[in-house]
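Everything on this sheet refers to the single structure shown next.
Residue numbers (the numbering used here), protein chains in the order written: chain Y, 1226 to 1675; chain P, -3 to 229.
Laid out in structure tokens, this is it:
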């Protein structure tokens, strides 16, 4: 992507507009820096008292008739939700945006079980039609032009009168309204959970999560265990901070608390409410006291938006659910250090992410700590082997010039094996291009000049 | 059997959480921020948030400013007659055929005076029928001047769908319901429902919106394209 200048221009323009709005809203706060400190403290208290908070949350939810499930792994979360769908003979599911669902690959599991899954957030709906993962955790379709969106609507929905954003939105609204009325199951994610009152908080602009929680007979929320905050009043701080840092809004369009299924005396709402609490590696990150504050993250995406790496390589290059600086910090913990340590090197350590983070996560230092931990841990055998060969070559000027010359001569033949199993550089070329070898080395160039 | 596996999974996760937390972590300190505000005392949420209006007149003014930016329609009326008049004008301008409404003192007084068929949502309803209504009219629990938000719940103000399914949501608020700040609104909810919260509480700020196509603002993505808030005595 970094070679695609048009793509880069598009991302920069979108983020440029965001920055203006964000600065404008930050200035409305009486004390934005103080707000960040306060948010960091509240999250610190929440995460460091997590066990008690989770127990209180569950007590509150269950008192209103909510069924709470616990999932240690992604597979368990999938099993629980597919099970709920199967038991209720659900044929279609309408979903509002949930990064946790992306994390556990829920859509694929439901589709394999024969359930149709429809994403209702407009951006998610668009990338689902294009069969792509979301590009950004807050703006899933920010990499697409209206022309590309019109094209996919025409192809998949057979309905795209123009490339006007308003008309395209109307097409999606019409299609999704039908899906809402038909859906047997509604699935949402969560932005916060309130321990004290036993409630799940969902933040959105479109009203799609509100409809997901209103119309289907069964509602399911999948959330990470780290989402809990202590008190109801904490939301008065987190809601405007999430909106400001995330999208340059003072507060998001709909901030909604859900505590249970339809209660006696209420006009509507689901008959059943299920909450699935997901660990999936979070307790491993919790055990690392040095990086525990990475669990403070409210997924606003501010660190992505300001990151010079993200702005140049784009969200799809990471190959992870959570991209950008926060993704590079947590993915090695949530998945596997050796497999994902390379992400922590894709950083200029400029600290823009740390400065942007509304809850004060020390992001760029955590990237350094990941590098340190990766180097201290046992590397893979082929990596050790590679470095054992590399060291003597790099240490000898004769060997080095021989090898670089060899590289230059053999490079044209690389094209023959590129993309096949015979490619010796396959580990690299599978996901990215190999930079060209220079026509002459610096030494050769120098020699000619003197 | 399902119950048992759940219980053990719960114990396992909570066990891992407790084990992980045995090692304490340092209290956070955001770079460049004094630990306590210069004025002294503990920093509170109200201290850092945008300034909230204190008296009624400035609350109305702040709500109005926010409504303008959010593209909500905010009206202040002086009497019940004026309220009816405003709704009649809206009904004519938009050609409402049928009204969806949730019971409440002001709604029950004004809606029958509009002379249109009414679908009361309180006893339960069919979603398709609600969708066909041109407007949903409800009361609210509070208005928040600081942010221009309307607070509704599934118990007091229209259930879950009324405020998002019809293309226009009209909110009738009494003057004393206009509060200054978000912390005030949450405190009010706590006082009103302590121990017995409704299953849904929503802070609605402006009509439904999206910026997912080239970051261009479009209203009425899924929920209502129009939000009208009428403040009456």
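Don't be surprised by glycine CBs; every beta carbon is placed ideally from N, CA and C. None of these values were measured; they are calculated from a predicted model.
Every beta strand (DSSP E) of 3 residues or more that sits fully in the region 1285 to 1319 of chain Y is shown, in chain order, as 1292 to 1296.
For residue 170 of chain P, the enclosing beta strand (DSSP E) stretches over residues 164 to 170.
For residue 226 of chain P, no CB of chain Y lies under 7 Å from its own CB, so it is not counted at the interface with that chain.
In this structure, DSSP gives residue 1573 of chain Y a state outside helix and strand, which the three-state scheme calls coil. In this structure, residue 1513 of chain Y sits away from residue 1586 of chain Y, with a CB-CB distance that is not shorter than 7 Å. Across the set P/109, P/126, P/110, the C-alpha of P/126 shows the shortest separation from the C-alpha of residue 116 of chain P. As a beta-bridge residue in DSSP terms, residue 1341 of chain Y pairs with Y/1317. The three-state secondary structure of residue 224 of chain P, taken from DSSP, is strand. By the criterion of at least three beta-carbon pairs nearer than 8 Å, the region 119 to 134 of chain P is in contact with the region 154 to 169 of chain P.
Residue 1640 of chain Y has its alpha-carbon roughly 20 Å from the corresponding atom of residue 1665 of chain Y. A direct Cα-Cα distance of roughly 43 Å separates residue 1246 of chain Y from residue 15 of chain P. Exclusion of the five residues before and after residue 161 of chain P leaves 126, 127 as the residues of its chain whose Cβ lies within less than 6 Å of its Cβ. For residue 1324 of chain Y, the uninterrupted alpha helix (DSSP H) segment begins and ends at 1324 to 1328.
If you draw a straight line from the Cα of residue 1284 of chain Y to the Cα of residue 1235 of chain Y, it is about 47 Å long. Residue-level contact check: residue 1491 of chain Y touches chain P, since one or more beta carbons of chain P fall below 7 Å from its beta carbon. Bounds of the beta strand (DSSP E) holding residue 145 of chain P are 145 to 149. Considering only Y/1267, Y/1544, Y/1258, Y/1300, the residue with the shortest C-alpha distance to residue 1504 of chain Y is Y/1300. Residue range 76 to 90 is occupied by the alpha helix (DSSP H) that includes residue 81 of chain P. Following the DSSP letters along the chain, one finds residue 1418 of chain Y inside the beta strand (DSSP E) bounded by residues 1417 to 1419. A straight-line Cα-Cα distance of about 13 Å links residue 43 of chain P and residue 1264 of chain Y. One alpha carbon belongs to residue 1240 of chain Y, the other to residue 175 of chain P, and they sit about 34 Å apart. A Cβ of chain P is located within less than 7 Å of the beta carbon of residue 1481 of chain Y.
The shortest C-alpha to C-alpha distance from residue 1669 of chain Y to any of Y/1630, Y/1651, Y/1648 is the one to Y/1630.
Taking 7 Å as the threshold, the shortest C-beta distance from residue 50 of chain P to chain Y does not fall below it.
The C-alpha of residue 1655 of chain Y lies about 38 Å from the C-alpha of residue 1411 of chain Y. In the DSSP annotation of this structure, the continuous segment of the alpha helix (DSSP H) that includes residue 1394 of chain Y starts and ends at 1390 to 1407. Taking 7 Å as the cut-off, the beta carbon of residue 1271 of chain Y is found closer than this to the beta carbon of residue 1455 of chain Y. Of Y/1255, Y/1474, Y/1493, the smallest CA-CA separation from residue 98 of chain P is found for Y/1493. Ranked by how close their Cα comes to the Cα of residue 1362 of chain Y, the residues Y/1643, Y/1472, Y/1564 have Y/1472 in first place.
For the region 1362 to 1386 of chain Y, residues whose beta-carbon sits nearer than 9 Å to a beta-carbon of chain P comprise 1364, 1365, 1366, 1367, 1369, 1370, 1371, 1374. For residue 1612 of chain Y, there is no enclosing beta strand (DSSP E); the enclosing alpha helix (DSSP H) has its first and last residue at 1606 to 1620. 7 Å or more divides the Cβ of residue 1500 of chain Y from the Cβ of residue 1422 of chain Y. When secondary structure is reduced to three states using DSSP, residue 189 of chain P falls in the helix class.
Within a 10 Å sphere around the beta-carbon of residue 1250 of chain Y sit 16 or more other beta-carbons, which makes this residue buried.
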